[in-house]
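In what follows, a structure is listed as structure tokens, so that the remarks can point back to it.
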Amino acid sequence: MSEQRFWHPFADMRSIVANGELVIDRGQGSHVFDTAGRRYVDATASLWYCNVGHGRGEIADAAAAQMRRLEAYSTFGDVANRPVLDLAERLAGFAPVDEPRVFLTSGGSDSIDTAVKLARRYWQARGERDRTLVVSRTGSYHGMHLAGTSLAGIEPNRAGYGVLMQGVDSVPWDSADALGELIAAVGPERVAAFFCEPVIGAGGVFHAPRGYLAKVREICRETGVLFVADEVVTGFGRVGSWFASERFGLDPDVIVCAKGITSGYLPLGAVIAAGRVAEPFFDGTVGMWRHGYTYSGHATVAAAALANLDVIEREGLLARARSLELELAGALRPLETHDLVTEVRVAEGVLAAVQIDPAAIAADATLPARAVAAARSAGVMTRSLATGAIHVSPPLVITTDELGELADGLRKALDEVSGHPA
Ligand code: PLP
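So in the working numbering, spot 35 of the sequence shown is number 185, and the numbers just go up one at a time.
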């Protein structure tokens, strides 16, 4: 047995033990540095979360000050703390849902679990006890708790666990008609909620076909199915507005978010429900909702979130993201002519994927991993997504020069792997 004690998430530990690990030591802006001092452009904002960039002293200071005053105190029952109340107020101020109510969690998967339970409990409270089915899209990623694993549209993420959560179904990611047909087939009175990433992230960065989002929203409205926008990736500026729901005019019943809410400085998730959905939980119908997490409403985490939101506002990062999406397209599109690349997916938002030729991947499954390794050697930290595409979603503070550095590094990496077959 090896000496390796840290068990990496989403990793083949045999390969980590054989090949070692990369230890990241510090970060500044759009760059991170390893323990040997090597510098990398952070092409993915870590795991889609570091929207304000690394090394923000003011977020650290806000967290430290709060921790000295009161690190945290359980918010079960009637107890609150100032940062949490302020954060709920702040989120409610810009969340594009009617009469928002904010339920805090420790991350995206917690929030998905919460949203699934919220939807089912809501329908029970409304007396529609058969409305339990939750529907997701092929290619979707909704975190790795049991509910999220059950909803997973990336098939390998569901495999190997036996029977998962019951009452889940899935529809093709790009067909609004398929959703309408499924709801009609099972009966609207059995469908609780539709979970929808406004832009599919981990599944490979797929922007919805034109008209798709408006149509599925309308289908949900007509059939009473709750529309849950999973904005774990798309929230907090990634798509050029606080939430993609605003940009796409979705008027969701529930928003699930995490990641950019703190830019990752501390772990946090939130479920923001429209007042109409929260109502039975607020008017006494449900009574005590027996749901919550130890760190739902953690004071220090909320203080970090508030400082992060301050940075986004003060530096105009929503507007910056709008101009950055054009720059990102300009920087990455030329890669489309590369022999190994079939498509560069860029559209709304600072998130993109450089698709390595699926036929080449079918012939050599190591290609995406080798491209990622070569990018790292060229000074760009990235990873491959579900379709074998290279993930690009840099911090929203990335400069034009740094974007150039990113695109150059990716081109070098693609040249390197196409010149050196495995
Ligand atoms: N939903 C989406 C769309 C995500 O991309 C993720 C994580 O990447 C999650 C949910 C789960 O979030 P977490 O990893 O914080 O639990």
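By construction, the Cβ of each residue, glycine as well, lies at the ideal position given by its N, Cα and C atoms.
Because the structure is a prediction, the values reported are computed rather than measured.
The alpha carbon of Tyr-291 has as its nearest neighbour, out of Arg-279, Leu-283 and Pro-306, the alpha carbon of Pro-306. The beta carbon of Gly-257 sits closer than 6 Å to at least one heavy atom of the ligand PLP. Annotation for Val-382 indicates a beta carbon within 6 Å of some heavy atom of the ligand PLP. For Asp-192, the uninterrupted beta strand (DSSP E) run begins and ends at 189-192, by DSSP. The C-alpha of Pro-508 lies about 15 Å from the C-alpha of Arg-520. Burial is judged here by how many other beta carbons sit within 10 angstroms of a residue's own beta carbon; Met-163 has fewer than 16 and is exposed. Gly-419: not part of any alpha helix (DSSP H); member of the beta strand (DSSP E) spanning 419-423, first to last residue.
Segment contact: the segment 486-504 against the segment 336-355, three or more CB-CB distances shorter than 8 Å; contact assigned.
Counting only runs of at least 4 residues, the segment 298-370 fully encloses the following alpha helix (DSSP H) elements, listed from N- to C-terminal order: 326-336. Only residues of its own chain outside the window of five on either side were considered, and among them Phe-393, Cys-407 and Gly-410 have a CB closer than 6 Å to the CB of Gly-385, listed in chain order. With respect to the 7 Å criterion, Thr-288 and Gly-303 are classified as neighbours on the basis of their beta carbons.
A straight-line Cα-Cα distance of about 11 Å links Thr-299 and Ser-286.
The beta carbons of Glu-368 and Ile-405 sit no closer together than 7 Å.
Distance from the CA atom of Arg-240 to the CA atom of Val-167, rounded to whole angstroms, is 45 Å. The segment 370-425 is shown to contain whole alpha helix (DSSP H) runs of 4 or more residues at 394-397, in chain order. Of the residues Ser-165, Trp-273 and Leu-314, the one whose Cα lies closest to the Cα of Thr-435 is Trp-273.
With a 10 Å radius around the Cβ and a threshold of 16 neighbouring Cβ atoms, Arg-270 comes out buried. Sorting Ile-511, Gln-316, Glu-429 and Arg-397 by C-alpha distance to the C-alpha of Val-491 places Ile-511 at the top.
Counting other Cβ atoms within 10 Å of its Cβ, Gln-178 stays below 16 and is therefore classed as exposed. In the pairwise beta carbon analysis, the segment 208-218 is classified as not touching the segment 418-428: fewer than three pairs are separated by under 8 Å. Secondary structure at Gln-154: coil, using DSSP grouped into helix, strand and coil. Shortest gap from the CB of Tyr-291 to any heavy atom of the ligand PLP: under 6 Å. Taking 7 Å as the cut-off, the Cβ atoms of Pro-402 and Phe-377 count as close. The segment 180-198 makes no contact with the segment 153-162; the number of CB pairs closer than 8 Å stays below 3. Between Thr-450 and Ala-222, the C-beta gap is smaller than 7 Å, which places the two residues in contact. With a cutoff of 7 Å on beta-carbon distance, Gly-351 and Val-321 are scored as not near each other. DSSP places Met-294 outside both helix and strand once states are collapsed to three, so it counts as coil.
In the DSSP assignment, the residues bridged to Ala-502 are Val-496 and Val-542. Contact between Arg-533 and Val-542 is ruled out by a C-beta separation of about 10 Å, above the 8 Å threshold.
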